[in-house]
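Please read the structure below before turning to the comments.
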Amino acid sequence: MEAYERLLTVIGPQLKRKQNRGRNTIDIEKQVLAVIWLLATPDSYRSVGDRFDLGKSSLSAAFMRVVKALCALAPRVIKWPTGEGLEQVKERFRGMAGLPNVIGCVDGTYIAIKAPREDPESYITRKSSYAITLQGICDAELKFTDVFVGFPGSVHDNRIFRNSDIYIAVRNHLREYFPHEEYIIGDKAYPVLNWCIPPFINRGNMTPAKRHFNSTLSKTRQTIERTFALFFGRFRRLKFLDMNRLDCIPATVLATCVLHNICLDSTDLQVEHYIREGLIHLQQNEMFHHENEIDEPEGHDKREQLCHILFQRQQ
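Take the sequence shown: its letter number 256 is residue 289 in this note's numbering, and every next letter is one higher.
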């Protein structure tokens with residue numbers, strides 16, 4: 034209820050605007066509740082419309098209004114950590130397994146969709162289903178701090194990363210995002226950069242120190258897995274987003290990411306339940322990770338230093 038009240042306060046004014054013909058729009062509480070119900074369940078539009086006494090066209094219009102309002106809210110809700118918040122994020126990540134200076138975990142996941150009318154082959158995943166991709170970076174509290182959505186399911190995750198807004202922004206303004214040599218962590222699909230550290234790949238040369246580093250990184254990186262699990266467990270419609278307009282799907286996913294963060298600002302006793310349910314979905318729809326192609330020497334040096342520091346501490 035706390036999250037719902039906050040949401041009404043923030044987006045309510047946008048939903049109160051008059052329609053072109055001068056008629057009031059649907060009651061804002063009904064609009065917001067109906068859209069939340071749609072995103073939280075796989076129920077049909079007809080079923081949800083009956084529940085909230087809305088015709089299908091009215092419900093569809095309300096859905097797009099709320100999605101638009103949530104997307105406008107995204108810059109205020111999905112935010113990169115800065116200042117004191119940045120220090121708090123580092124301490125929380127360090128507390129998980131001892132890895133210092135981590136401020137985020139990155140990974141990608143599929144949003145299953147039906148076959149698009151145009152160029153459907155581009156959206157086929159390795160499991161022969163249709164999907165778009167969601168790349169997310171999360172903090173230690175399972176909140177999204179950056180999202181990038183919309184690439185077709187056939188696109189490799191390292192290509193998505195190289196084309197994402199966050200990658201381009203960091204390349205141009207590194208110190209704005211990582212002021213004190215901080216970094217994000219990912220799996221083996223991600224490049225070894227000064228600000229992005231994946232595990233060592235086992236090519237027959239794994240030392241005890243490298244194995245220890247990989248174990249430490251894995252314990253910390255599970256945060257993004259739990260974030261995606263919570264996301265799919267709470268918003269079940271995202272397990273299969275049955276929408277006719279492909280151009281509206283990225284906005285719908287972004288709006289749901291905004292709701293995800295808003296919900297985490299409130300006490301919710303169901304979080305672990307949602308995560309357990311979401312993990313089942315992720316295990317069945319795991320992305321195929323290709324090895325990266327854009328490593329940088331500075332990244333390898335930094336990873337070696339971290340590996341040495343962690344191994345020395347545990348001896």
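Built from N, CA and C at the ideal position, the CB exists for glycine as well. This one's a predicted model, so the numbers in the text were calculated from it and none came from an experiment.
Under 8 Å by Cβ, that's how I've got residue i and residue j pegged, so tell me the actual separation to the nearest angstrom.
i, j, result
"V225", "D328", "4 Å"
"P231", "Y223", "5 Å"
"L87", "T289", "Actually they are not in contact, since the Cβ atoms of L87 and T289 sit about 20 Å apart, beyond 8 Å."
"D83", "V122", "Their Cβ separation, rounded to whole angstroms, is 44 Å, which puts D83 and V122 out of contact at 8 Å."
Determine the contact status of residue i and residue j, defining contact as a CB-CB distance below 9 Å.
i, j, result
"G23", "D140", "Absent from the model: residue 23. The displayed extent of the chain is 34 to 348, so no value can be given."
"H206", "C340", "no"
"C138", "I257", "yes"
"L132", "L343", "yes"
"M276", "K101", "no"
"E124", "D298", "no"
"T178", "I111", "yes"
"C229", "G237", "no"
"L292", "L40", "yes"
"K252", "I234", "no"
"E209", "N134", "no"
"K272", "A145", "yes"
"S155", "G128", "no"
"V99", "I44", "yes"
Any idea which residues DSSP pairs residue i with across the strands?
i, result
"T240", "Paired residues: none, contrary to the question."
"A36", "The partner list for A36 (beta bridge, DSSP) is empty, contrary to what the question assumes."
"L16", "Nothing can be reported for residue 16, as the shown portion of the chain is limited to 34 through 348."
"C229", "I217, L226"
"I157", "Y163"
"V68", "The partner list for V68 (beta bridge, DSSP) is empty, contrary to what the question assumes."
"V135", "Y216"
"F211", "DSSP output for F211 lists no bridge partner at all."
"F23", "Residue numbering for the chain in the displayed model covers 34 to 348; residue 23 lies beyond these limits and cannot be assessed."
Determine the closest residue to residue i out of the options, with distance taken between C-alpha atoms.
i, options, result
"I295", "F264, T158, Q317, C340", "F264"
"Q303", "L343, A262, M320, E331", "A262"
"S90", "I69, Q64, M320", "Q64"
"I165", "W228, V188, R269, L175", "V188"
"I59", "A94, P330, A242, F126", "A94"
"Q347", "T285, P330, R336, A242", "A242"
"N227", "I234, F233, I217, E154", "I217"
"E38", "G332, E62, K49, R278", "E62"
"D198", "I136, L167, D172", "L167"
Run the proximity test for residue i: is its beta-carbon closer than 8 Å to any non-hydrogen atom belonging to the ligand COA?
i, result
"I234", "Ligands in the displayed structure: none, and consequently the ligand COA is not present."
* To do: Could I get the ranges of all uninterrupted alpha helix (DSSP H) runs contained in the segment 80-130, with 4 residues as the minimum, in chain order?
  => Taken in chain order, the whole alpha helix (DSSP H) runs of length 4 or more contained in the segment 80-130 are 89-110, 116-130.
* Completely contained alpha helix (DSSP H) runs for the segment 232-312, where each covers 4 or more residues -> 241-267, 282-297
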